[in-house]
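Participant: Take 1 as the starting number for the sequence shown in full-length UniProt numbering and just add one per residue.
Quick one: structure below, then a few questions.
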Amino acid sequence: MVVQKLPKLSQFKQFNWQGFFALVLLALVFISLISIIQIQHQVRHLETQYANALKQEVILNEEHGKLTLEKHHLTALARVEHIARTQLNMTLDKTPENLNSQTIILEKIDAPSAESEN
1 MVVQKLPKLS QFKQFNWQGF FALVLLALVF ISLISIIQIQ HQVRHLETQY ANALKQEVIL
61 NEEHGKLTLE KHHLTALARV EHIARTQLNM TLDKTPENLN SQTIILEKID APSAESEN
């Protein structure tokens with residue numbers, strides 16, 4: 001029967017620092033590569049969101065221009081005066097004291113009752 005010798009304690013105390021250092025460097029390189037890939041993915045995602053936001057800005061600017069044009073058309077003085085005279089039956093007071101100002105007079109029009117329509 002062959003008895004194997006146990007290693008001496010001094011062999012357990014020896015540590016290969018070069019191999020450990022290489023392993024730590026390899027782990028750091030791997031972690032940095034994963035981080036670079038993750039950051040590139042985030043950058044691409046943010047670029048896509050930015051491009052979509054720019055498209056939305058163009059669409060909203062066009063809509064704002066259309067709405068501004070419509071507002072100016074609807075609030076034009078000639079249109080307002082025409083609606084006041086035709087639909088609301090308003091008249092312009094042309095007495096001498098009111099030459100420099102305008103007074104709009106409302107005349108009450110009786111609406112047809114609901115009973116007369118039936």
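Each residue gets a CB set at the ideal place from its N, CA and C atoms; glycine is no exception.
Between the C-alpha atoms of Q18 and I36, what's the straight-line distance to the nearest angstrom?
Facilitator: Looking at the two C-alpha atoms, the distance is approximately 27 Å.
Participant: State the Cα-Cα distance for the pair E57 and G65, rounded to the nearest angstrom.
Facilitator: Approximately 12 Å between the Cα atoms of the pair.
Participant: Return the CA-CA distance between L67 and N89, expressed in angstroms with no decimal places.
Facilitator: Going by the C-alpha atoms only, they are around 29 Å apart.
Participant: Between the C-alpha atoms of T86 and L54, what's the straight-line distance to the nearest angstrom?
Facilitator: One C-alpha to the other measures close to 45 Å.
Participant: Where do the N-terminal and C-terminal ends of the alpha helix (DSSP H) with V52 fall, by residue?
Facilitator: In the sequence as presented, Val is not what sits at residue 52; that position holds Asn. Where N52 is concerned, the enclosing alpha helix (DSSP H) stretches over W17 to L74.
Participant: Please state whether DSSP places A111 in a helix, a strand or coil.
Facilitator: Correct three-state label for A111: coil.
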